[in-house]
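All residue numbers for the sequence shown refer to my numbering, where the first residue is 19 and numbers rise by one. From the three backbone atoms N, C-alpha and C, an ideal C-beta is built for every residue, glycine too.
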Amino acid sequence: MKLKTLLMSAVAGATLASAALAEDVTLRIQTHYATEHPTGKMLATWIDDVQTMSDGEISIEMFYSSSVVATVETFDAAINGIVDCDATGGAYQTGKNPAFQFVGDIMGGYDTPWQQYSWLYYGGGYEAAQELYNAQGMQLVGWAIYGQESFASSKPIAGPADLVGWKFRSPPGMETEIFEKLGASPIVMDFTEIFTALETGIIDGADASGLANNVGLGLYDIVKHANYPGFHSMPSDHLACNQAVWEGLSEKHRRILDTAWQKLSFQIAMANEKANTEAAAALQEQGVTLYAWSSEDRAEFRVAAQAAWDDWATRSPEANALVQSHKAYLTQLGLIGE
């Protein structure tokens with residue numbers, strides 16, 4: 019009887035200990051994507067993966083379409099505990115530290131999402147980026163790269179020579195500096211102004227998104243030239259969590275979130291690659307001319323890009339560390355010279 023009692027007590031103790039280790043958690047996360055956007059739908063699958071893999075121990079409360087705070091304020095909201103994690107992108111935080119440019123959109127660096135992912139996971143990128151995030155009280159969990167962006171243009175855009183005098187809508191920041199070095203005339207304007215500006219000839223082209231997304235926006239109904247595959251820009255969204263919240267999770271829960279996010283991120287890249295391929299075929303049938311830049315064209319663009327990187331590297335120690343890390347890996351890949 020005593021042995022039975024001892025065994026039952028031991029089992030009960032182990033059960034309680036196991037329950038304590040696997041305490042249920044709810045994570046509040048904000049994304050800028052809408053529920054009906056393809057990435058928004060894939061985020062819903064990620065939530066289901068996390069909840070299934072954790073046997074319901076992790077619940078995700080996702081705030082879509084930046085419904086809690088403005089997109090650019092999501093990172094601060096996570097720092098201050100309004101939400102637990104930020105599923106937007108590092109490029110929104112260059113005002114905090116210019117180094118965030120090099121975890122948000124490197125501009126003219128890698129040719130493919132897979133090269134960029136390999137820097138993060140195998141080129142020392144994760145460790146270099148983590149120092150930047152940890153200094154803000156945040157933990158970088160992972161990236162989501164949807165792929166290369168393409169231009170929409172009313173004029174041929176076959177290589178760097180065609181950029182001279184080319185007026186185009188550009189987001190603010192480092193991109194304007196790179197294109198100015200190549201002779202283009204970037205004009206920073208709100209996304210909603212692109213269509214009227216193209217129709218009226220205020221601009222010759224636009225940097226908006228990837229090829230398939232540009233089709234969805236209707237840009238190629240107005241203009242008939244594009245570069246494909248894109249090259250100049252390949253933004254990376256992120257999942258970044260409040261560091262104290264992250265460290266408060268069990269190792270099991272951290273691994274589930276990381277593994278499920280890697281699945282999500284790679285599927286986003288593959289889905290967009292397929293969508294862009296299909297869009298390219300359809301556009302050519304509709305009379306849109308696509309230009310694939312040669313390796314020499316890309317090398318010329320990278321020279322201008324590196325000049326901008328080096329300038330931004332002087333703006334903070336963290337920016338310099340990330341620029342040197344990227345340049346070392348790009349050299350290893352043979353994309354830039356020594």
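- Restricted to the stretch 138-188, the beta strand (DSSP E) segments that are unbroken, complete and at least 3 residues in length are 156-163, 168-171 and 185-188, listed in chain order.
- When the five nearest sequence neighbours on each side are left out, the beta carbons in the same chain lying within less than 8 Å of the beta carbon of Thr349 are those of Gly355 and Glu356, in order along the chain.
- Within the stretch 60-140, complete alpha helix (DSSP H) segments of at least 4 residues are found at 92-97, 119-122 and 131-140, given in chain order.
- Around the beta-carbon of Arg320, 16 or more other beta-carbon atoms lie within 10 Å, marking it buried.
- Annotation for Gly223: the continuous beta strand (DSSP E) segment containing it runs Gly223 to Ser227.
- Sequence-distant Cβ neighbours of Leu237 in its own chain, meaning closer than 8 Å and more than five residues away, are Ala170, Ile212, Phe213, Leu216, Ala224 and Ala226.
- Straight across, the Cα-Cα distance linking His50 with Val87 is about 10 Å.
- Taking a cut-off of 8 Å for Cβ pairs, the stretch 262-277 and the stretch 203-210 do not touch, as fewer than three such pairs fall below it.
- Judged by beta-carbon spacing, Gly165 lies within the 8 Å limit of Pro131, meaning their Cβ atoms are closer than that value.
- Cβ neighbours of Thr277 within its own chain (closer than 8 Å, five residues either side excluded): Met71.
- Taken through DSSP and simplified to helix, strand or coil, Val306 comes out as coil.
- The beta carbon of Lys281 is closer than 8 Å to those of Trp64 and Asp67 in its chain, skipping five residues each way along the sequence.
- Distance from Ser254 to Glu193 at the Cβ level is roughly 15 Å; contact not present, criterion being Cβ atoms closer than 8 Å.
- A Cβ-Cβ contact shorter than 8 Å links Leu308 with Ala244.
- Unbroken beta strand (DSSP E) runs of no fewer than 3 residues, entirely contained in the stretch 242-278, are found at 243-245 and 254-260, following chain order.
- Under the three-state reduction of DSSP output, Pro190 falls in the coil class, being neither helix nor strand.
- Here Asn260 really is in contact with Ile97; their C-beta atoms are around 7 Å apart, less than 8 Å.
- Assignment of beta-bridge partners to Val341 by DSSP yields no partner.
- Beta-bridge partners assigned by DSSP to Gln48: Phe81 and Asp104.
- Contact check between the stretch 329-343 and the stretch 118-134: three or more CB pairs, one atom from each, fall below 8 Å, which counts as touching.
- Exposed is the label assigned to Gln304, since fewer than 16 other Cβ atoms lie within 10 Å of its Cβ.
- DSSP places Ser203 in the uninterrupted beta strand (DSSP E) bounded by Ser203 to Val206.
- In this chain, the alpha helix (DSSP H) harbouring Thr218 covers Ile212 to Thr218.
- Per DSSP, Trp327 is one residue of the alpha helix (DSSP H) stretching across Ser313 to Ala331.
- Listed in chain order, the non-local C-beta contacts of Asp42 below 8 Å within the same chain comprise Gly74, Glu75, Ile76 and Ser77, local neighbours out to five positions each way being set aside.
- Around the Cβ of Ala105, a 10 Å sphere holds 16 or more other Cβ atoms; the residue is buried.
- Residue environment analysis places Asn290 among the buried positions, since at least 16 neighbouring C-beta atoms fall within 10 angstroms of its C-beta.
- Leaving aside the five residues that flank Trp330 on each side, the residues in its chain whose CB is nearer than 8 Å to its CB run, in chain order, Pro116, Gln119, Phe120, Met192, Ala337 and Val341.
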